[in-house]
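Chains as they are written, first to last, in this note's numbering: chain D, 1 to 295; chain X, 1001 to 1295.
The block underneath contains the structure these notes are about, expressed in structure tokens.
Number of protein chains: 2
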Amino acid sequence: MTMGGQHPTLVNGEPADSLPIEERGFRYGDGLFETIKVCAGAPEFWDAHIGRLCRDAERLNLAQPEAGLLAAEARRLLGAPRDGVLRIWLTRGPGGPGYRPEKTAVPTRMLRFDPLTATASPGPAATSPDPAQEGVRLRICQTRLGQNPALAGIKHLNRLEQVLAAQEWDDPAIAEGLMLDGAGHLIEGTKTNVFFVCEGRLITPDLTEAGVAGVLREVVLAEAKRANFPVKIRPVRLAEALAAEECFLTNSLVHLWPVREIDGKAFAIGPVTDALARRVEAAAKAGRGLPERGA
Amino acid sequence: MTMGGQHPTLVNGEPADSLPIEERGFRYGDGLFETIKVCAGAPEFWDAHIGRLCRDAERLNLAQPEAGLLAAEARRLLGAPRDGVLRIWLTRGPGGPGYRPEKTAVPTRMLRFDPLTATASPGPAATSPDPAQEGVRLRICQTRLGQNPALAGIKHLNRLEQVLAAQEWDDPAIAEGLMLDGAGHLIEGTKTNVFFVCEGRLITPDLTEAGVAGVLREVVLAEAKRANFPVKIRPVRLAEALAAEECFLTNSLVHLWPVREIDGKAFAIGPVTDALARRVEAAAKAGRGLPERGA
């Protein structure tokens, strides 16, 4: 059975528009989420998203989600071949007061599909007609990312740093803000990962102390490897980043956005960015669809 | 009108047992909470809790709560002169996807009263008959607190660090775990603030980089000042803490717990702890009750 527009959300398999107030996802941000682009009813990079969700669940000591169940529920939600965004949340579930989860805690899984409309915009706002072609303008945020190896890389529900950073500007010509950690290393955008080309080599920040390890970041790293393009994952200083030859952003909804300016410093949209953008688009087309039923 | 046990929660003034799935408190932990001890229907340190909630709201750019409305709703919930715990949440409210809050966002306020029962235990578990007399045993947690001045001190809903730390042990003889920040400074317990007496001087960790500035911590600092007892708020190294003459914890539900052991190192329950515990109990009795209607 597919779902109509009335109840676009499934909570533990049932149509719902609310969560119990005892939900630990609300009380403590005790959970995870995935944001998945859907093209003509087919989610992109499904296996990578579910793989990341499972790895992150293990790091938070959350019970592993059943991948087959998630696929079956995504199939129910998607129905017609529409474009849009599929979101999955996995939380510790309802619980009594206290930070320590009860041993009887039953995780909550929640899936929601938003067809592509003005209210489900595909990621950071931008004024240029096609940011993937024209490139985007960025700023450097004042709000820093705290460093914590126990949480670094995880796409969890503790996102106040991003909420504060995103309030620092509202100029729609600025598509994204870059965030540093407390030590002054450049980590990522508020909702994107960032790559640089320095002296012909691709560099992306190390995320062992802070940041979210995005699925599209993994896609870019895999494509660079397949193309035998040298890549380095390491701490990146802001001054070094601003001196780079090329810069681009990635996330699951926009795929890859070339950067044409960071706080007034202009960047050319260069050959490495172009080549990786083409590879990412091809990988996204190849990586569409849900696994076969029962697979 | 007072509330029965059927709907112990008010969401924006209406009895409710759920929150919309679009609630940003759930999506991003974009909100705050207060935990208030209630004795015979009277909340303790009401003004201090509401004052902290307002200060924290300002730091998150959340619309200020109406103090009079919160008091009126607390009065509705509390009704009969029962002991228990009153919790208040203030969040950014429902919103579309995206970290930046919409300008039209309407905050959610939620109040809930849990009468004192086995399921609403007054804070950290302890086996001793009266931890306030016998003292409690602590451990040092492996999970560290990330440092971020933008969030330090705020009682916000991003609490995954505490959730991970609280899962490190389940021995009920250990009442609480102490947490260090990434730089190795001792900051607080998972749900308590911590004080030490070193060479006759009261010391509590500086919370400008990490931690929650608890209402009972403020009460202890105020009482120490009233007693002309020397206090120092500054970074505290673990080795220094373990060499202290006395140690105690504070939170709104337990008030003040003397510490008798940290990871095998014994502490005496000394005169400073005793004197401050008596003062805190007196302040709690004096600080009971809601403001007059219309005040």
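Note that the Cβ used here is the ideal one computed from N, Cα and C, for glycine as well.
Computed from a predicted structure; not experimentally measured.
- With its beta carbon less than 9 angstroms from one in chain X, residue 163(D) belongs to the interface.
- What residue 49(D) touches in chain X, judged by beta-carbon distance under 7 angstroms, is nothing: the nearest beta carbon there is about 16 angstroms away.
- Counting of Cβ neighbours within 10 angstroms places residue 1061(X) among the exposed residues, the total staying below 16.
- Secondary structure within the region 42 to 110 of chain D: the beta strand (DSSP E) runs of 3 or more consecutive residues, fully enclosed, are 84 to 91 (chain order).
- By the criterion of at least three beta-carbon pairs nearer than 8 angstroms, the region 1145 to 1160 of chain X is in contact with the region 25 to 36 of chain D.
- Interface annotation for the region 1138 to 1159 of chain X against chain D: 1143, 1144, 1146, 1147, 1148, 1150, 1151, 1156, 1157, 1158 and 1159, criterion Cβ-Cβ distance under 7 angstroms.
- When rounded, the separation of the alpha-carbon atoms in residue 74(D) and residue 19(D) is 19 angstroms.
- Just so you know, the alpha carbons of residue 1293(X) and residue 1069(X) end up roughly 10 angstroms apart.
- At a Cβ-Cβ threshold of 9 angstroms, residue 248(D) and residue 235(D) do not count as neighbours.
- Residue 1266(X) has 1261(X) as its beta-bridge partners, per DSSP.
- Just so you know, the alpha carbons of residue 1198(X) and residue 1180(X) end up roughly 19 angstroms apart.
- The bridge partners DSSP lists for residue 1113(X) are 1086(X).
- At least 9 angstroms separates the CB of residue 1260(X) from every CB of chain D.
- Contacts with chain D at 9 angstroms (Cβ-Cβ) include residue 1101(X).
- Taking 8 angstroms as the upper bound for CB-CB distance, residue 1214(X) and residue 1187(X) are not in contact here, some 12 angstroms apart.
- By the Cβ neighbour-count rule, residue 254(D) is buried, with 16 or more other Cβ atoms within 10 Å of its own.
- Here the alpha carbon of residue 1084(X) sits roughly 38 angstroms from the alpha carbon of residue 8(D).
- In the displayed model, residue 1175(X) falls within a strand according to three-state DSSP.
- Within its own chain, the residues whose Cβ lies closer than 8 angstroms to the Cβ of residue 96(D), once the five positions on either side in sequence are excluded, are 22 and 102, listed in chain order.
- According to the DSSP assignment, residue 1037(X) belongs to the beta strand (DSSP E) that extends over 1031 to 1039.
- The alpha carbon of residue 108(D) has as its nearest neighbour, out of 172(D), 48(D), 32(D) and 39(D), the alpha carbon of 32(D).
- For residue 20(D), the enclosing beta strand (DSSP E) stretches over residues 18 to 20.
- With its beta carbon at least 9 angstroms from every one in chain X, residue 83(D) lies outside the interface.
- A Cβ-Cβ distance of about 12 angstroms is found for the pair residue 38(D) and residue 111(D), leaving them out of contact under the 8 angstroms criterion.
- Within the same chain, Cβ atoms closer than 7 angstroms to the Cβ of residue 165(D) are found at 141, 143, 177, 179 and 190, the five residues on either side in sequence being excluded.
- Shortest Cα-Cα distance from residue 1287(X) to any of 1015(X), 1016(X) and 1045(X) involves 1045(X).
- Residue 1279(X) carries a helical assignment under DSSP once its states are collapsed to helix, strand and coil.
- DSSP places residue 170(D) outside both helix and strand once states are collapsed to three, so it counts as coil.
- Nearest CB-CB separation between residue 36(D) and chain X: not below the 9 angstroms threshold.
- Listed along chain D are 167, each with a C-beta nearer than 7 angstroms to that of residue 1061(X).
- The CB of residue 21(D) comes closer than 9 angstroms to the CB of 1009, 1011, 1016, 1017, 1018, 1019, 1089, 1110 and 1112 in chain X, given here in chain order.
- With respect to the 9 angstroms criterion, residue 1090(X) and residue 1053(X) are classified as neighbours on the basis of their beta carbons.
- For residue 1055(X), none of the residues of chain D pass the 8 angstroms Cβ criterion, the least Cβ distance being about 16 angstroms.
- The closest CA to that of residue 266(D), considering only 149(D), 241(D) and 281(D), is found on 241(D).
- When Cβ-Cβ separations below 9 angstroms define contact, residue 1285(X) makes no contact with chain D.
- In this structure, the CA atom of residue 10(D) is about 55 angstroms from the CA atom of residue 1275(X).
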